[in-house]
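Chemist: Here the sequence shown is numbered in the numbering used here, starting from 31 and rising by one per residue.
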Amino acid sequence: MKKAVMVLLAVLVTAGSVYSSRKDEVTLVLLPRDDSVVRVGLDLFQRYRTLLVTYQVQPNGTPSLHGWTGKEWVNINPDAFRAGDFFHTGPDSALIVEEEGVSLPASLLPPESWCNAVYKITTTEVRPLLHLTGQYYDFKYKDWKWFSENYRMSMDAINPEQLNIAWYHRRLGENLKKGPVAADDLQYWVAVRHPLPPVEMAAEPEPELETNDVEAVESLDMEESDTMLLTNDIPEAVVLSPGDAREEAVKSEE
31 MKKAVMVLLA VLVTAGSVYS SRKDEVTLVL LPRDDSVVRV GLDLFQRYRT
81 LLVTYQVQPN GTPSLHGWTG KEWVNINPDA FRAGDFFHTG PDSALIVEEE
131 GVSLPASLLP PESWCNAVYK ITTTEVRPLL HLTGQYYDFK YKDWKWFSEN
181 YRMSMDAINP EQLNIAWYHR RLGENLKKGP VAADDLQYWV AVRHPLPPVE
231 MAAEPEPELE TNDVEAVESL DMEESDTMLL TNDIPEAVVL SPGDAREEAV
281 KSEE
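(1) Any idea what DSSP makes of S255, helix, strand or coil?
(2) For a cutoff of 8 Å on Cβ pairs, would you count H161 as touching chain E?
(3) First and last residue of the beta strand (DSSP E) that includes L138?
(4) If you draw a straight line from the C-alpha of D65 to the C-alpha of P225, how long is it?
(5) Do T84 and R63 have their C-beta atoms closer together than 8 Å?
(6) Taking only runs of the beta strand (DSSP E) that begin and end inside the stretch 74-124, which ones reach a length of at least 3 residues, in chain order?
(7) Are Q165 and L193 touching if we call contact CB-CB under 8 Å?
(8) Hey, could you find the ends of the beta strand (DSSP E) Y149 is sitting in?
(9) Report yes if the CB atom of L139 is closer than 8 Å to the CB atom of I151, and no otherwise.
(10) Taking all protein chains shown into account, decide if T154 is buried (16 or more other Cβ within 10 angstroms of its Cβ) or exposed.
(11) Tell me the DSSP secondary structure of W174 in three-state form.
(12) Under DSSP, the alpha helix (DSSP H) around R157 begins and ends at which residues?
(13) Run through DSSP, which three-state label would L8 get?
(14) How do the stretch 115-135 and the stretch 55-62 stand: do at least 3 beta-carbon pairs fall below 8 Å, yes or no?
(15) Given this structure, state the Cα-to-Cα distance separating R182 from P190, to the nearest angstrom.
(16) What number of angstroms, rounded off, separates the C-alpha of C145 from the C-alpha of V104?
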């Protein structure tokens with residue numbers, strides 16, 4: 031594959047519209063060459079910065095790869111793919127879709143040198159594919175709504191957890207539902223390489239105070255306490271007897 035074509039692919043595959051929480055990330059979406067699955071990939075390409083690549087394994091075991099430029103599919107040499115020479119800006123993560131029971135060849139697994147995080151969805155059935163993909167991208171309401179309408183599936187079918195669905199997005203009297211399908215679909219989700227969060231450094235213990243230092247701190251606290259008392263200008267209450275109280279009242283009237 032010529033270098034110019036690879037650069038062209040890199041520029042065009044990141045030109046899709048930007049939405050949701052992964053708007054600042056580049057995701058490699060690697061799909062089997064299946065029409066229904068490729069359709070999902072193309073729709074994702076329009077919403078996120080995506081390196082969209084399809085794969086097909088020939089009978090002799092040789093993989094065939096094609097990348098979407100935004101206008102056409104171009105061939106990607108498997109060696110260029112493994113070396114990461116087919117893109118200009120590397121992906122932050124990879125989402126791989128596999129046909130159920132058919133594993134991706136190990137040679138096509140993105141190397142850690144240019145892709146740190148790798149995840150798999152091990153089914154090409156559209157409903158769980160949309161469900162798990164939506165979770166991965168953290169679809170907002172408008173995304174769930176768009177996929178629901180364009181794939182003619184109910185919101186509950188593709189988003190059973192009701193993620194990012196506010197109460198005002200639902201019809202009056204319609205209850206939130208969490209069907210068993212939510213847990214069932216997790217069987218198709220695999221974290222191939224999930225980077226661990228950075229380890230936080232433990233806070234250094236405070237140095238122990240020597241005896242003289244402790245006395246100085248206590249002395250300072252006493253001085254501050256005395257100062258606070260001196261600034262209190264509220265007069266103390268005076269308790270008067272009934273007779274004294276009458277005399278005071280007469281004086282005040284005079």
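From the three backbone atoms N, C-alpha and C, an ideal C-beta is built for every residue, glycine too. These numbers come from a predicted model, not from an experiment.
Modeler: Reading off the structure:
(1) Note that S255 scores a pLDDT of 38, beneath 50, so its modelled location is shaky and nothing firm can be said.
(2) Absence of chain E from the displayed structure is noted, only one protein chain being present.
(3) Run containing L138: none; DSSP gives neither H nor E here.
(4) Approximately 32 Å, taken between the alpha carbons.
(5) Taking 8 Å as the Cβ cut-off, T84 and R63 qualify as a contacting pair.
(6) Restricted to the stretch 74-124, the beta strand (DSSP E) segments that are unbroken, complete and at least 3 residues in length are 80-87, 93-98 and 103-106, listed in chain order.
(7) Less than 8 Å divides the Cβ of Q165 from the Cβ of L193.
(8) Unbroken beta strand (DSSP E) run through Y149: A147 to I151.
(9) No, they are not a contact pair.
(10) Buried, because 16 or more other Cβ atoms sit within 10 Å of the Cβ of T154.
(11) Three-state result, W174: helix.
(12) Per DSSP, R157 belongs to the alpha helix (DSSP H) from V156 to Y167.
(13) Since the first residue shown for the chain is 31 and the last is 284, residue 8 is missing from the structure and cannot be characterised.
(14) Yes: at least three Cβ pairs fall under 8 Å.
(15) The straight-line gap separating the alpha-carbon atoms of R182 and P190 is approximately 15 Å.
(16) Cα-Cα distance, rounded: 21 Å.
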